[in-house]
Every structure is written in structure tokens, then in C-alpha cells.
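Per the working numbering, residue -8 is the first one in the sequence shown, and the count goes up by one each step. Ideal placement from N, C-alpha and C gives every residue a C-beta, glycine not left out.
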Amino acid sequence: MTYRPPPRHPVTRGDGRTTPESGHVALYDPEGHLNGELPLDRAFHERVVKAVLGWPADPGLCPADLEQITLQLTGAAHVVADDVRHAAGQLTGGHTARILAAAVLAEAQHRLAADPQGTVRCAQGHARLVRTLYEHLDHLTEAARRRPVKAL
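Take a look at the structure:
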């Protein structure tokens, strides 16, 4: 087995094998083969988002720790954005939720294109982005559930 460096944007998906330190596993999948196959670890992402958004102005973390947290949130934002894109694709082209999702995804792409910084502001911005993407994923899932079934 060859050594693979850790991913630039660690991603937690599914319940797979866990590490004793964190209880979660960061998957190395630069080609994105696992994106649609493993469920998001939403509970973990939501806990991180809640913790980061609850920080005071100075949480007492060094810039390297802040950057690692931001990278974790960046990875989460990428995989949730993929799920939003997939869910939007299930709706008709003119559906309001699909149009709104396109705008949200464009904004997410713009925000994720910037290099993560080791600052509280950057980490909280990524946390808000993950929260927003999950809200839109829920909205799209509900819209797809309400869509009429085609007759055979």
C-alpha cells in the first residue's frame, strides 16, 4: 500500500471506520468517486457549525487550528454543495427551488474559491456557508418530495 497525503479539504461522510482520536474518518478521495455513495455525516457538520458560530471574538485558538477547522468546513461545504447540485437536478428546469439553488451554488463556488485563512472570521464564514447549503438541501428535498408523480 502506498502512502497518500491527507486531502486538502478533509471530508467526513458516512459512518465508516473511525479514528480513536475523533470518532470520525477523513476520506482521501481526490477523484470524487465516493461522493454519491456515502451519506453525509450531517450531525458532525452541524455540531462543528454550531460550535464555530458560538465562538467569542477571540476563541483562544492559534491560526493553524483555525485554518484546520476552516479546511474541515470547506470540505463539508464542497460535499454538501455536490448534494445540493444533485438534488436540484432532480427538479424541472424552471422550478423555483432549482433556480434558487443555482444562485446559492454560484455564491458557494465563489466563496470556496478563496484560500482559507487562519482567522475566526473565515471559519465562521465557512460555517455559515455549510449551514446555508444544508438549509437549501432540505428545501430541495422537500420540493422533490412534493413534485407530482408522472403517470406511466
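| Check | Outcome |
| --- | --- |
| Would you report the Cα separation of Gly45 and Glu133, rounded to the nearest angstrom? | 28 Å |
| Buried or exposed: which applies to Ile90, given that a residue is buried once 16 or more other Cβ atoms fall within 10 Å of its Cβ? | exposed |
| Are the CB atoms of Val43 and Gln100 within a distance shorter than 8 Å? | no |
| As a quick exercise: from Asp74, Thr123, Ala78, pick the residue whose alpha carbon is nearest that of Lys41. | Thr123 |
| Closest by CA to Leu120, which one among Ala48, Val70, Leu57? | Val70 |
| Just to check my reading of the structure: Leu103 and Thr65 have Cβ atoms closer than 8 Å, yes? What is that Cβ distance to the nearest angstrom? | 6 Å |
| When the Cα atoms are used, what is the spatial distance from Ala105 to Gln59? | 15 Å |
| Out of Ala135, Gln108, Leu31, state which residue places its alpha-carbon closest to the alpha-carbon of Gly84. | Ala135 |
| Which two residues bound the contiguous alpha helix (DSSP H) that contains Asp74? | 54 to 80 |
| From what residue to what residue does the alpha helix (DSSP H) around His117 run? | 111 to 137 |
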